[in-house]
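One structure is given here, and the rest of the page talks about it.
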Amino acid sequence: MPLGAWIALSEHADGRIPSVSHSAANPVAVFFDLDGTLVDPAGGITGGIAHALEANGLAVPEESVLSSLVGPPLSMGLRSIAGVPEGQVPAVIESYRGWYETHGMAQSTVYPGIPEVLDALAASGVRVAVTTAKPQALAVRLLSLHGLAARFEAIVGTSNNELEAHAASGSKEALVRSACQLLSVEASRSAVVGDRHFDILAAVATGARAIGAGWGFAVGDELLEAGADVVVDSPWHLAHTLLKEDAA
Numbered sequence: 001m002p003l004g005a006w007i008a009l010s011e012h013a014d015g016r017i018p019s020v021s022h023s024a025a026n027p028v029a030v031f032f033d034l035d036g037t038l039v040d041p042a043g044g045i046t047g048g049i050a051h052a053l054e055a056n057g058l059a060v061p062e063e064s065v066l067s068s069l070v071g072p073p074l075s076m077g078l079r080s081i082a083g084v085p086e087g088q089v090p091a092v093i094e095s096y097r098g099w100y101e102t103h104g105m106a107q108s109t110v111y112p113g114i115p116e117v118l119d120a121l122a123a124s125g126v127r128v129a130v131t132t133a134k135p136q137a138l139a140v141r142l143l144s145l146h147g148l149a150a151r152f153e154a155i156v157g158t159s160n161n162e163l164e165a166h167a168a169s170g171s172k173e174a175l176v177r178s179a180c181q182l183l184s185v186e187a188s189r190s191a192v193v194g195d196r197h198f199d200i201l202a203a204v205a206t207g208a209r210a211i212g213a214g215w216g217f218a219v220g221d222e223l224l225e226a227g228a229d230v231v232v233d234s235p236w237h238l239a240h241t242l243l244k245e246d247a248a
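So for the sequence shown, our numbering puts the first residue at 1; every next one is plus one.
Here it is, written out as structure tokens:
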């Protein structure tokens, strides 16, 4: 379906398409976050973390704290957000990974409208990649599970050793820069789409357009406060924002 027709249908469905103030031309490449942007973990991440903490004799924080762990590298989040003692981090990660790979991954679903966004970008010649704090191999597995892996020119994740994923090379900024190199594109001609402030800060630091995915795990004005150029509230609005020239 042509992008304009698809947007028209979605506009009819929810009653509005927001105005877009950003004046930049359509990007040549778009870098997507994974969990909370392309895929809804549907409790698969937070449930796994709760299981891992309990299995290691640690207190399970409230749901809002667990949700804040979706986004940063797991080892960093366990240390700085959940307060897991350094010596117990490896065991918690091992417990989490076993549960997630057996139960959590299967709970996840692709957000409605994401396949259509990817179709529209491909039809317009816009290149796409994934930049995620998830370990590289696991990101490929998750995207393959949902039939999305082949749609991306690159899937850039963190070290498969999650104890190393908090290093500078695993920061979202480094992942975006790596994606730019792999696709041979300038960050200034690209856009980063993500649901947490980590994504927005990476876009700002690299000079990419910063687009907040409002359907994910951001709290309050987290995305705007981090410097998002715009926050969209659905994949349909994302397509309109990214390809407004083609949709006109």
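For every residue, glycine included, the Cβ atom is placed at its ideal position computed from N, Cα and C.
Assigned with DSSP and collapsed to three states, valine 60 falls in coil, not helix or strand. Glu116 is the residue among His103, Ala91, Glu116, Glu222 whose C-alpha sits nearest the C-alpha of histidine 237. Excluding residues up to 5 positions away in sequence, Asn56, Leu58 lie with their Cβ nearer than 8 Å to the Cβ of glutamine 88 in the same chain.
Ranked by how close their Cα comes to the Cα of serine 68, the residues Thr241, Val230, His197 have His197 in first place.
Counted as a single uninterrupted DSSP element, the beta strand (DSSP E) harbouring proline 135 occupies residues 127-135.
Taking a C-beta distance under 9 Å as the contact criterion, alanine 91 and leucine 66 do not qualify as a contact pair. One Cα belongs to alanine 129, the other to valine 60, and the distance between them is close to 34 Å. Between alanine 187 and aspartate 199, the C-beta spacing is not below 9 Å. For glycine 147, there is no enclosing alpha helix (DSSP H), since its DSSP letter is neither H nor E.
Between the beta-carbon of leucine 38 and that of tyrosine 111 there is about 7 Å, and that keeps the pair under the 8 Å contact cut. Here threonine 102 carries a helix assignment [DSSP, helix/strand/coil]. Taking C-beta atoms under 8 Å as the contact rule, serine 190 and alanine 208 qualify, at a distance of about 5 Å. Contiguous alpha helix (DSSP H) elements confined to the stretch 29-60 occur at 44-55, taking only those with 4 or more residues.
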